[in-house]
Structures are given as structure tokens and as C-alpha cells.
Amino acid sequence: MLAAIFLAAGMLSPKVVAIRAAPASQTPSFSRDVFPILRDNCMACHSSAVKMGGLVMESYDMLMKGGKDGQVIVPGKAAESRMILMLEGKVKPQMPFGGNPLPADQLSLLKAWIDSGAAGPAPGEAPVSAQPNIPNIKPEVPVVSPIGSLAFSPDGKMLAVGGYQEVELLDPASGKVLAALKGHADLVRSLAWTPDGRRLAAAGGLPQRAGEIKIWDVASRTLSKTLNGHTDCIYSVAASPDGKLVASASYDKLIKLWDIETGAEVRTLKDHIDAVFAVAFSPDGKRLASGAQDRTVKIWDVATGERLYTLSEALDSVTAIAFSPSGAQLAAAGADKTIRTYALGEKSGSLLESVIADEDTILELAYTPDGKTLISSSADRSIRFRDAATLFPKKVLDNQPDWVEALSVSPDGKWLAAGRYDGSVSVYNLANYEQALGPLVAFVPATGAPKGRESALR
Ligand code: HEC
């Protein structure tokens, strides 16, 4: 039936010969015409690893979903599509960011595709793949790097900031850069200090290719080890309270436990059926909790690697989890905009509280060290503070300049560091919620960007 309709419309005519540019008379195809342009000119900054402006172009669906400011394509209306307006420089910043404008023929092809209705890959057409060309199209000079991760050192004297291929150690009081730890494969998406402050695990990797954890010896600023094993990006790392293990959660659906001292892979925890975004050790080190795209939180026994049980209340991806400092409760949140707290027993967990906490996906969760406040950031560009027991709101810092993808509370409970997609970092005073430092640009690009770290972004 379906085939008959397409046959009648002539849409199943053999498309064996791949032609790059469609003749003007023919409607451009997404897979054949549009995708190669985006892949070659945009993907370096709009991949799922480096989603600048919140926009990912690895598939038709992701492109149509849009970026941090919403949809970028209005089917049928190229002149009203923000992607086109930005390519033409009518909306700033002009795309491709920092590069030469798209050649006129490619621009008109994109416009023709949108004006014709911006259709996705036709049925039966091979799904597009972003992979083959990615390694060759890194931008020459990465522009301002998004902040992928933040972590105060256990003595509170340093703030580790994870960016594109680099970790910086900042003095959280002055914003001064104390050290730069370089050589990471891609964006550093997660950071974990060992409790003694001697080592820092920095994780990330290349999408669809490899996860990477670098263990830094902090005092000497030298690389102690690089741990490879996952086959996709790592989204979260945690160090065990005894300082012996690192746990990593990857897009490859696996969790791994590593021996920090030897770098050996101790165990692989396998039970999630989709990407794992968050991992945390209980304060006593006996349990590990993980949150995943499969909408579950799983609780594991660290000593045996056994999955103890699954918490399945979430209605969408779980992107963030956190244990309260006493270990009495576990908080989980994600794309269903809801924060849930659980009490964890031996054989099951019980839901304590559940609130629709935000207007968009929750990105991060953190408890204050006294366990009284639960802090969340979300894609609605807010940071919210709640009573940890009741989840009643206490304070909101809205109008954040961009998504706050990284949060860290200082060990003395006085400061909250927030890192954003736009590359900025701020430190807030938790006594009065005033900004004490920033916003500063943590990773100053080599050219064309504000000089000096103290310059406010906007
Ligand atoms: C070198 C990096 C880089 C490249 C290459 C690049 N962009 Fe961007 N793009 C960015 C940054 C950074 C932003 C966020 C700008 C802002 O909001 O200030 C952005 C934002 C956007 C947005 C707006 C997203 C939103 O919702 O706000 C669109 C649309 C866009 N880019 C399209 C493109 C297209 C199309 C190409 C390829 C022809 C491209 N970009 C290439 C860095 C890049």
C-alpha cells in the first residue's frame, strides 16, 4: 500500500548515482544533498559531543529539534528559518561560526530544501551517518569551549574546569589559572577528585569511537594514566570514597570500574539497555547508583558488581543522580523535568518525594555538604535550590546566560560553581546567592575572543 503510493509518485525511481548538488528542477534530498553540507561545514561544532548553541546535526530528527533557542528550521519557509538567517548573517553570530560564509550554491540548496518542506530521509533511503568524516573536520581554532564539567578539590582550594581537550585548575577565589592539563581527546564531560585530593579523573572521549579517562597526578601536574575501554563517550565518572576505584558511565550502555593505582579495568556492569549518563558512589562506598537513557536508575553492589535492583519511576532519560552526604537518600532527575528522591534499602528502594521541578530537562544535581539543600540546573536556564527533605523551592537563579551543564559545591558548603555551554563559569556565594566571581570565560580561544579571563561574557 505504502509502496504503491510512492511508486505512483515516482519516488522509488532508482537513485543509484549519488549526485552532490541537485539540479534546480529537482527537490533537494536531505540525505544526498543537505546532510553532506552540514557534515562538512557544521558538524565540528554541532555534534553530540560539542553541541554548540545546544544544536546537534547528526541526524534529521536532531536538526529539526533545534538548539537552545528552539527550532532552527521552519519547513516551507527558508526566509523565516533561523538557520538560514544565521548563515546569511542576518541573525548574529553568523554561521559557520568564525569561518567563511557558506558558498552561494550550498546556501541556495539549503533554502530550496527548506522551502520544499524540509522533508527527512525518504522511506528506504539509507540512514545518514555522521561518522566517516568527523575526524577530519575539527575546527582549526576551537572557539570558546563549552564547560563540560566542574569539581572543587577536596580542600576547596582548586576548582577543576573541564573544557574542550583540556582541564584547567582555577583558584576559585580569584579565577586565576593555576594549571592547564592538556591532551584530552575531546570535551571533558566529567571530573572526579580522589578524596585525598592527590588525583583527578577527567573523562570524555570520542562519540561512537572511544571513551577516555585521564588520571592526573595533581601536585606534579603530570598524567598518571589514560584508561581506555569504552567504545563511546563517557558522560560521568566518580571516585570511590576509599580512593581506590573510579566508576565510569558511557554512551555504550556500560559502566566500568577501574583500579586508580594500576589503571586496570576491574569490572564491567552491564544491565542498562541504553546510554548511561550518570554514576555515583554511596558515601559508604558499598553501592553504586547509575542513571540512564533507558529511564531507569540502577543500584549495584560495588564489591561483587551485582545489580541489586532497578528504580523505574522516571518517564524519560535520567541525566543526573546524587547521593545525599549521609547516604540516606538518592536524588535522580532528567528529561521528564522531575526530581525524585529515594531511600535505598537492601533489596529495593522506596520513593520519598517526587516533584516536577523545572520547565525543561534537568541537567545536573548536587547536594550541599550539610545535606539540607538540593541544587539542580536545567535547560530552562535556571539553577534551583530546594529543601532536600521536602523538595520545596528555596531560591531560583533564572536567566542564566546559557545551560548550566556543570555544578559543584565547595566542600565547606559556602560556594557553588556553575559552568555553562557558552564557556562561562560563575561562583555563587551560598549564604546570599550573590555571584562572587564571574562570569568568566574559562577557556580563552587563541584568537578573536575577549582578552583576559575576567571579562564578563555578556
Ligand atoms: C566553529 C564552531 C561552529 C561551526 C563550524 C558552526 N557553528 Fe553554529 N554555532 C556555534 C556556536 C558557538 C553557537 C552558539 C551561538 C550563540 O548562541 O551565541 C552556534 C549556534 C548555531 C545556531 C543557533 C542554535 C540556537 O538554537 O541558538 C544555528 C542555527 C547554527 N549554529 C547553525 C550552524 C550551521 C548551519 C553551521 C554550518 C554551516 C554551523 N552552525 C557551524 C558554533 C559553530
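If you read the sequence shown in our numbering, its first letter stands for residue 1, the second for the next number, and so on.
Backbone N, C-alpha and C fix where the C-beta goes; we use that ideal spot for every residue, glycine too.
Simplified DSSP assignment, three categories, for residue i
i: Arg198; result: coil
i: Glu88; result: coil
i: Leu315; result: coil
i: Glu80; result: helix
i: Arg295; result: coil
i: Gly53; result: helix
i: Asn228; result: strand
i: Gln165; result: strand
i: Ser129; result: Note that Ser129 has pLDDT 46, beneath the 50 cutoff, so the model's placement of it is unreliable and the number below is only indicative. Looking at Ser129 - three-state DSSP - the assignment turns out to be coil, as it is neither helix nor strand.
i: Ser31; result: helix
i: Ala289; result: strand
i: Leu63; result: helix
i: Ala301; result: Sequence check: residue 301 is Asp here, not Ala. Residue state, collapsed to three classes: strand.
i: Lys44; result: The question names Lys, but residue 44 in the sequence shown is Ala. Reduced to three states, the DSSP call for Ala44 is coil.
i: Ala112; result: helix
i: Asp105; result: helix
i: Arg221; result: coil
i: Ile273; result: coil
i: Ile147; result: coil
i: Ile504; result: No answer is possible for residue 504: the residues shown for the chain start at 1 and end at 458.
i: Ile362; result: strand
i: Arg381; result: coil
i: Arg39; result: helix
i: Thr461; result: This structure does not reach residue 461, given that the chain is present from 1 up to 458, and the question cannot be answered.
i: Ser348; result: coil
i: Gly156; result: coil
i: Phe323; result: strand
i: Gly211; result: strand
i: Ala328; result: coil
i: Arg307; result: strand
i: Glu353; result: strand
C-alpha gap between residue i and residue j, whole angstroms
i: Thr262; j: Leu245; result: 10 angstroms
i: Pro450; j: Asp387; result: Summary for Pro450: the model assigns pLDDT 35, below 50, so the residue's position carries little reliability; its value from the coordinates is reported in the next sentence. Taking the straight line from one Cα to the other gives about 38 angstroms.
i: Ser29; j: Asp274; result: 30 angstroms
i: Leu344; j: Ser350; result: 7 angstroms
i: Ser426; j: Asp105; result: 43 angstroms
i: Ile299; j: Arg198; result: 28 angstroms
i: Val474; j: Ile73; result: Here the chain has residues from 1 to 458 only, and residue 474 is not among them.
i: Ala332; j: Val279; result: 11 angstroms
i: Asp422; j: Ile147; result: 7 angstroms
i: Leu64; j: Ser317; result: In the sequence on display, residue 64 carries Met and not Leu. Between Met64 and Ser317, the C-alpha separation is close to 20 angstroms.
i: Thr231; j: Leu206; result: 9 angstroms
i: Asn136; j: Asn228; result: In this prediction, Asn136 scores a pLDDT of 36, lower than 50, which makes its location untrustworthy; the coordinate-derived value is nonetheless stated afterwards. If you take the alpha carbons of Asn136 and Asn228, they lie about 22 angstroms apart.
i: Lys460; j: Gln26; result: Summary: the structure shown does not reach residue 460, with the chain confined to residues 1 through 458, and so no result is reported for it.
i: Ala118; j: Lys68; result: 20 angstroms
i: Ala418; j: Gln435; result: 10 angstroms
i: Lys518; j: Leu437; result: The question about residue 518 has no answer, for the chain in this structure spans 1 to 458.
i: Phe443; j: Glu346; result: 44 angstroms
i: Gly99; j: Leu87; result: 11 angstroms
i: Ala180; j: Asp294; result: 36 angstroms
i: Glu80; j: Lys92; result: 14 angstroms
i: Leu38; j: Leu352; result: 46 angstroms
i: Glu364; j: Leu407; result: 7 angstroms
i: Met43; j: Pro75; result: 21 angstroms
i: Ser410; j: Ser153; result: 8 angstroms
i: His46; j: Leu440; result: 23 angstroms
i: Pro101; j: Lys214; result: 37 angstroms
i: Ala201; j: Gly89; result: 41 angstroms
i: Gly371; j: Pro96; result: 45 angstroms
i: Lys253; j: Val276; result: 5 angstroms
i: Gly162; j: Ala151; result: 9 angstroms
i: Phe385; j: Lys51; result: 27 angstroms
i: Ala468; j: Ser248; result: Residue 468 lies beyond the range of the chain shown here (1 to 458); nothing can be said about it.
i: Lys176; j: Met62; result: 38 angstroms
i: Leu315; j: Thr361; result: 12 angstroms
i: Gln400; j: Gly54; result: 14 angstroms
i: Arg267; j: Tyr235; result: 18 angstroms
i: Ala322; j: Arg32; result: 44 angstroms
Chain D within 8 angstroms of residue i, Cβ atoms only
i: Ala201; result: Absent here is chain D; the protein component of the structure consists of one chain.
**Request:** Could you tell me whether the segment 104-113 touches the segment 370-390, using the rule of 3 or more Cβ pairs below 8 angstroms?
**Result:** no
**Asked** For the segment 274-292 against the segment 300-311, are there 3 or more C-beta pairs whose distance is under 8 angstroms?
**Response** yes
**Message:** Report the start-end ranges of each beta strand (DSSP E) in the segment 387-445 that is 3 residues or longer and not cut off at the edges.
**Reply:** 393-397, 404-409, 415-420, 424-429 and 435-441
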